[in-house]
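Peer 1: Chains as they are written, first to last, in our numbering: chain A, 3 to 175; chain B, 3 to 175.
Idealized CB from N, CA, C, for every residue including glycine.
Note that the coordinates shown come from a computational prediction; the quantities given were computed from them, not determined experimentally.
2 protein chains.
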Amino acid sequence: MLNEVRSGWGILCTMTIDPLDARLVELLAGEPRLGVLECSRRLNVARGTVQARLDRMVARGVITGFGPEVDPGALGYDVTAFVTLEIRQVSGHEPVADQLAAIPEVLEVHTITGSGDMLARVVARSNADLQRVIDQIVDVRGVVRTSSVIALDTPVPYRVLPLVAEVPRQPPH
Amino acid sequence: MLNEVRSGWGILCTMTIDPLDARLVELLAGEPRLGVLECSRRLNVARGTVQARLDRMVARGVITGFGPEVDPGALGYDVTAFVTLEIRQVSGHEPVADQLAAIPEVLEVHTITGSGDMLARVVARSNADLQRVIDQIVDVRGVVRTSSVIALDTPVPYRVLPLVAEVPRQPPH
DNA sequence: GACCTCATTGAGCATATTGTCCACTCATTT
DNA sequence: AAATGAGTGGACAATATGCTCAATGAGGTC
Numbered sequence: 003m004l005n006e007v008r009s010g011w012g013i014l015c016t017m018t019i020d021p022l023d024a025r026l027v028e029l030l031a032g033e034p035r036l037g038v039l040e041c042s043r044r045l046n047v048a049r050g051t052v053q054a055r056l057d058r059m060v061a062r063g064v065i066t067g068f069g070p071e072v073d074p075g076a077l078g079y080d081v082t083a084f085v086t087l088e089i090r091q092v093s094g095h096e097p098v099a100d101q102l103a104a105i106p107e108v109l110e111v112h113t114i115t116g117s118g119d120m121l122a123r124v125v126a127r128s129n130a131d132l133q134r135v136i137d138q139i140v141d142v143r144g145v146v147r148t149s150s151v152i153a154l155d156t157p158v159p160y161r162v163l164p165l166v167a168e169v170p171r172q173p174p175h
Numbered sequence: 003m004l005n006e007v008r009s010g011w012g013i014l015c016t017m018t019i020d021p022l023d024a025r026l027v028e029l030l031a032g033e034p035r036l037g038v039l040e041c042s043r044r045l046n047v048a049r050g051t052v053q054a055r056l057d058r059m060v061a062r063g064v065i066t067g068f069g070p071e072v073d074p075g076a077l078g079y080d081v082t083a084f085v086t087l088e089i090r091q092v093s094g095h096e097p098v099a100d101q102l103a104a105i106p107e108v109l110e111v112h113t114i115t116g117s118g119d120m121l122a123r124v125v126a127r128s129n130a131d132l133q134r135v136i137d138q139i140v141d142v143r144g145v146v147r148t149s150s151v152i153a154l155d156t157p158v159p160y161r162v163l164p165l166v167a168e169v170p171r172q173p174p175h
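(1) Any idea if E99/A is buried or exposed, counting beta-carbon neighbours within 10 angstroms, 16 or more meaning buried?
(2) With DSSP collapsed to three states, give me the class of P164/B.
(3) Does DSSP put P157/B in a helix, in a strand, or in coil?
(4) Classify R90/B as helix, strand or coil using the three-state DSSP reduction.
(5) Take the Cβ of A54/A as the centre, count every other Cβ of all protein chains shown within 10 Å, and call the residue buried at 16 or more, exposed below.
(6) What did DSSP end up calling I152/A once you bin it into helix, strand or coil?
(7) By the DSSP assignment, the alpha helix (DSSP H) with D20/B in it spans what residues?
(8) I'd like to check one pair, A24/B with V162/B: are the Cβ atoms closer than 8 Å?
(9) Need the endpoints of the alpha helix (DSSP H) that G50/B sits in, please.
(10) Starting from the Cα of R127/A, find the closest Cα among D73/A, V158/A, R35/A and E88/A and give me that residue.
(11) Would you give the residue range spanned by the beta strand (DSSP E) that R123/A belongs to?
(12) With a threshold of 8 Å between beta-carbons, can D73/A be considered close to chain B, or not?
(13) Return the residue from the list Y160/A, V125/A and A48/A that minimises the CA-CA distance to V81/A.
(14) Which of helix, strand or coil does DSSP assign to S9/B?
(15) In terms of residues, what are the limits of the alpha helix (DSSP H) holding V142/B?
(16) Please determine, among A61/B, L39/B, V151/B and H95/B, the residue with the shortest C-alpha to C-alpha distance to I19/B.
(17) Mapping DSSP to helix, strand and coil, what is L77/A?
(18) Note the first and the last residue of the continuous alpha helix (DSSP H) segment covering V98/A.
(19) Please list, in chain order, the chain B residues whose beta carbon lies closer than 8 Å to that of I114/A.
(20) Using a cut-off of 8 Å between C-beta atoms, extract the partners of R161/B located in chain A.
(21) Count Cβ pairs between the stretch 105 to 114 of chain B and the stretch 134 to 145 of chain B that sit closer than 8 Å; are there 3 or more?
(22) Quick one: is P157/B near chain A, going by C-beta distance under 8 Å?
(23) Could you have a look at L45/A and say whether DSSP puts it in helix, strand or coil?
This is how it looks when you write it as structure tokens:
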């Protein structure tokens, strides 16, 4: 139905987003609880177009959700740390990841290049509380050693908008 | 107006969220474009209550937004890397952070414990493209050296829900 | 006990939005 | 020339929203 797209860049290829998509995402990022109708007015397009673009981006996985973004800091979790895990090679990543996923304070886990390592982003209520969380991580079967760095400040909070603004200017290569 | 709250845990303190707030966040996380009225039906509370809870959480900064979550991967940025920056002590963090913020592929920057270091999360279209991004980072004035690890897989994608579910069970200490 | 504050409820009302049709245009593809 | 798909503009009923109001109940204070 909407697997491949020809409008826009001419060449038939796996399209990402076009300038209108980008404007729509930017608009919604700025005032997220805008309705479809209001968006169409701001962008000077028909309501159905906005509807279609949104549906398409969701279907394609460009937009993964509209969920409420919760700030762990406001919940009392003021400490953020990045924990590098050295794991036992034999056991594989999955069982370790599964156990890490069971710890609420573990917000994110990546497997990374290097000697069987993983990188986890964790939060805690305080530095003392961080020790508790790290202890839980060390207790995970398969974890050999951990080393953590604490995030003191976050001069650039997570964002995707600059990327969204950039993409439509760089037609798929 | 709603600076301090006494309902719930009895003790007067900086409250975070209560079980109803948590249920509301979970509900919206699951089906984000639900309306207020629909939420009130699902949670068996009055519409005004949902309205009030949402407003309160937004006002308190617990909910920082409802923006569309964009997947860099779907935009063609399949490579994620964590870059540790060693920066020149003299210049300070801010000018470096400002320049990093100007690079769209830099999604996030933290200052971390250690010898004047920063940690940046970057994405790129390919490993070759990552080189281009890292070159841009190295070119930033004040950056002495970088070392990067590539995220091969993400067994636990970023999430906050487990935390949200946990908080109301653990009254502020 | 009397009083007060505040979250919550349930109701009502005018307005705005949604979901879903339709016919039409336009550019591109075949 | 015909077909395709995106976009438009309009219409419709059904629904949701913002807003107000009075009443209730729980928790505090005096």
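Peer 2: If we stick to the structure as given:
(1) Per the sequence shown, the amino acid found at residue 99/A is Ala instead of Glu. It is buried - the Cβ of A99/A has at least 16 other Cβ atoms within 10 Å.
(2) Here P164/B sits in helix by DSSP.
(3) The answer is strand: DSSP assigns P157/B an E or B state.
(4) DSSP places R90/B in coil when its eight states are reduced to three.
(5) Exposed, by the Cβ-count rule.
(6) DSSP places I152/A in strand when its eight states are reduced to three.
(7) Run containing D20/B: none; DSSP gives neither H nor E here.
(8) Cβ atoms of V162/B and A24/B: not closer than 8 Å.
(9) R49 to R62 is the extent of the alpha helix (DSSP H) around G50/B.
(10) Checked all of D73/A, V158/A, R35/A and E88/A; the closest Cα to R127/A is D73/A.
(11) R123/A -> beta strand (DSSP E) spans D119 to A126.
(12) For D73/A, the nearest CB of chain B lies under 8 Å from its own CB, placing it at the interface with that chain.
(13) Distance from the Cα of V81/A is smallest, within the candidate group Y160/A, V125/A and A48/A, for V125/A.
(14) Unreliable positioning characterises S9/B in this predicted model, as indicated by a pLDDT of 38, which lies under 50. A coordinate reading is not provided.
(15) Boundaries cannot be given for V142/B, as no alpha helix (DSSP H) includes it and DSSP labels it neither H nor E.
(16) In terms of CA proximity to I19/B, A61/B leads the group A61/B, L39/B, V151/B and H95/B.
(17) Here L77/A sits in helix by DSSP.
(18) Judged by DSSP secondary structure, V98/A falls within the alpha helix (DSSP H) whose first and last residues are H95 to A103.
(19) Under the 8 Å cutoff, chain B gives F84, V151, I152, A153 and L154.
(20) Under the 8 Å cutoff, chain A gives L109 and E110.
(21) The stretch 105 to 114 of chain B, when compared against the stretch 134 to 145 of chain B, does touch it at the 8 Å Cβ threshold.
(22) Yes, P157/B counts as interfacial toward chain A.
(23) L45/A falls in the helix class under three-state DSSP.
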